[in-house]
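FYI, in our numbering the residues of the sequence shown are 3 to 72. Note that the Cβ used here is the ideal one computed from N, Cα and C, for glycine as well.
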Amino acid sequence: FMQAASWGTPDKILRGLEARRAVLGDFEGNFAFRFGGTPFEVSERGLRLFAKEVLPVLKSWGPVSAKQAA
Numbered sequence: 003f004m005q006a007a008s009w010g011t012p013d014k015i016l017r018g019l020e021a022r023r024a025v026l027g028d029f030e031g032n033f034a035f036r037f038g039g040t041p042f043e044v045s046e047r048g049l050r051l052f053a054k055e056v057l058p059v060l061k062s063w064g065p066v067s068a069k070q071a072a
């Protein structure tokens, strides 16, 4: 599970998503920022960091065809 999950620093998350995209092509992401017992403040900090550092990069990616991904 942990190998497939996107977690860590913004750079680590982006590298993982880029690698996944290279194999699969475009895909939809479903990101969660709070897991059992995680304090709200910690989850909020992660969400805000993702929104600031990762989301703008994801929005800049253009579509990839399945042929390009393979």
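Reduced DSSP secondary structure (H/G/I, E/B, other) of residue i
{"i": "F52", "result": "helix"}
{"i": "A34", "result": "coil"}
{"i": "G39", "result": "coil"}
{"i": "G18", "result": "helix"}
{"i": "A24", "result": "helix"}
{"i": "P58", "result": "helix"}
Straight-line Cα distance separating residue j from residue i
{"i": "A34", "j": "D13", "result": "17 Å"}
{"i": "P58", "j": "L49", "result": "13 Å"}
{"i": "G38", "j": "P65", "result": "34 Å"}
Reference residue i, options the options, closest by Cα
{"i": "R1", "options": "G18, D28, T11", "result": "Lying before the first or after the last residue shown, residue 1 is absent from the chain, which here runs from 3 to 72."}
{"i": "W63", "options": "R36, E20, A53", "result": "E20"}
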